[in-house]
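Note sheet for the following structure.
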Amino acid sequence: MRRYSKKDFPTENIRRFLEPGPIVLVSSAYKGETNIMTMGWHMVMEFQPSLVGCIISSANHSFEMIRKSRQCAINIPTEDIAATVVKIGNSSGRDIDKFSEFGLTPTPGTHVRAPLIGECYANFECRLVDVSQVRKYNMFIFEVVKAHVATTPKVPKTIHYRGDGEFMISGATTRKYRKLFRPEML
Ligand SMILES: Cc1cc2nc3c(=O)[nH]c(=O)nc-3n(C[C@H](O)[C@H](O)[C@H](O)COP(=O)(O)O)c2cc1C
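So for the sequence shown, the numbering used here puts the first residue at 851; every next one is plus one.
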């Protein structure tokens, strides 16, 4: 086994190693308006109910739309629309209609009014279930109440942000360590 030689690393940048869950697009709707924001800071919190914690800056237009509508959709984009994902994250719904500006298709969900993004590999319809951490951390806790996932490809080429304009694209998958898991840990 290799031992790595290391140097001091700024604590404010450790996110470059912890963050790489997939970048997602959070869509919302409130009073006839729709919006989309790009989000990297999210974490799975529970299997059932299916809970996801999301950090949504109060500076974002999405913040109030989601806080007031108490809903959103978490959409999983893939590499083919990475440029659009960055542009969505570098503009505000205060100034533009991001669905029409970026040619994305709003698709109705079944459980929430927030539109699902047709061009994304997966769409998770979410209800806001816990706002206890919003004031302190801008952290919204959602329950995924319905999930729509593409049937092909089996493993999507998701995009993972490493900070400083650098993305990692998901690559090889392996099942060679599967036999080391206890069944209940799979
Ligand atoms: C790669 C990437 C990741 C981002 N992650 C987050 C995040 O986790 N939380 C957040 O509040 N904003 C995040 N942003 C910034 C928002 O997407 C950005 O402020 C967006 O323009 C807000 O849109 P809105 O004002 O229409 O809501 C990210 C942007 C990019 C490009």
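Just so it is clear, CB atoms sit at the ideal spot from N, CA and C, and this is done for glycine as well.
Host beta strand (DSSP E) of residue i (start-end)
{"i": "Phe990", "result": "Met989 to Val999"}
{"i": "His1010", "result": "Ile1009 to Tyr1011"}
{"i": "Val876", "result": "Val874 to Tyr880"}
{"i": "Ile1019", "result": "Phe1017 to Ile1019"}
{"i": "Leu1036", "result": "Looking at the DSSP string, Leu1036 is not in any beta strand (DSSP E), and its letter there is neither H nor E."}
{"i": "Met887", "result": "Glu883 to Met889"}
C-alpha gap between residue i and residue j, whole angstroms
{"i": "Val874", "j": "Val1005", "result": "16 Å"}
{"i": "Ile967", "j": "Gly871", "result": "19 Å"}
{"i": "Val935", "j": "Ile906", "result": "16 Å"}
{"i": "Arg985", "j": "Arg920", "result": "15 Å"}
{"i": "Phe859", "j": "Arg963", "result": "43 Å"}
{"i": "Ile931", "j": "Thr955", "result": "13 Å"}
{"i": "Thr1023", "j": "Cys976", "result": "28 Å"}
{"i": "Pro1003", "j": "Thr928", "result": "11 Å"}
{"i": "Val894", "j": "Gly903", "result": "6 Å"}
{"i": "Gly953", "j": "Lys856", "result": "45 Å"}
{"i": "Ala933", "j": "Glu969", "result": "13 Å"}
{"i": "Cys922", "j": "Ile916", "result": "6 Å"}
{"i": "Met1018", "j": "Phe867", "result": "11 Å"}
{"i": "Gly939", "j": "Thr888", "result": "5 Å"}
{"i": "Pro958", "j": "Leu1036", "result": "33 Å"}
{"i": "Gly1013", "j": "Arg865", "result": "8 Å"}
{"i": "Lys937", "j": "Phe1031", "result": "40 Å"}
{"i": "Val999", "j": "Asn973", "result": "7 Å"}
Boundaries of the alpha helix (DSSP H) in which residue i is found, first to last residue
{"i": "Gly939", "result": "Ala932 to Gly939"}
{"i": "Ser919", "result": "His911 to Ser919"}
{"i": "Phe867", "result": "Arg865 to Leu868"}
Legend entry - the region 1000-1020 contacting the region 980-990, beta-carbon criterion three pairs below 8 Å: Flag = no, the region 1000-1020 and the region 980-990 do not touch.
Legend entry - Whole beta strand (DSSP E) elements within the region 933-983, 3-residue minimum: Qualifying beta strand (DSSP E) stretches, in chain order: 972-980.
Inset, instruction - Count the CB pairs spanning the region 879-887 and the region 946-966 that are closer than 8 Å, and state whether there are at least three. - result: Cβ pair count under 8 Å is three or more, so yes.
Inset, instruction - Assess, as a yes-or-no matter, whether the region 895-915 is touched by the region 984-1001 under the definition of 3 or more beta carbon pairs within less than 8 Å. - result: Segment contact: the region 984-1001 against the region 895-915, three or more CB-CB distances shorter than 8 Å; contact assigned.
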